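Chemist: Please see the structure below; I have some questions.
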Amino acid sequence: MILANATSLGMYPNVDGTPIPKKALGFYDVVFDAVYAPKVTRLLREAEECGVKVVSGVEMFIRQAMGQFEHFTGGIEAPESLMREIAAKYT
1 MILANATSLG MYPNVDGTPI PKKALGFYDV VFDAVYAPKV TRLLREAEEC GVKVVSGVEM
61 FIRQAMGQFE HFTGGIEAPE SLMREIAAKY T
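Oh and the sequence shown: position 88 is 88 in the UniProt record's numbering, straight run, nothing missing.
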């Protein structure tokens with residue numbers, strides 16, 4: 001089962017917010033948090049502590065940027081490694 005947080009709970013400056021209690025996270029196989037500031041939210045940290053695979057909002061941010069780059073350049077392949085490097089520097 002997958003949990004996807006698409007709310008702003010946990011986003012800077014309210015980093016203590018989380019949409020679900022830690023005790024419930026063990027029922028999920030994957031937890032995705034669309035929040036990317038901070039990169040590791042309370043939700044993701046607690047899910048990892050429960051042994052759940054996590055996906056950060058930074059991944060969505062990068063994939064959206066890649067899609068937009070390819071769309072607006074007429075299909076030129078997005079420089080994924082460069083985008084990841086830049087995102088890592090600023091997130």
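Built from N, CA and C at the ideal position, the CB exists for glycine as well.
Just so it is clear, the structure is predicted and the values come from calculations on it, not from any experiment.
Check whether the Cβ atoms of Tyr-36 and Gly-57 lie closer than 8 Å to each other.
Modeler: yes
Chemist: For Gly-10, I'd like the list of residues in its chain whose CB is within less than 7 Å of its CB, leaving aside the five on either flank, ordered along the chain.
Modeler: Gly-17, Thr-18, Asp-33, Val-35, Thr-41, Arg-42, Leu-43
Chemist: Going by DSSP, what residues sit across from Val-31 in a beta bridge?
Modeler: Leu-3, Val-54
Chemist: Suppose the cutoff is 7 Å on Cβ atoms and the five residues either side in sequence are ignored; what does the same chain contact list for Val-31 look like?
Modeler: Leu-3, Leu-25, Leu-43, Leu-44, Ala-47, Val-52, Val-54
Chemist: Indicate the three-state DSSP secondary structure (helix, strand or coil) for Met-11 in the structure shown.
Modeler: coil
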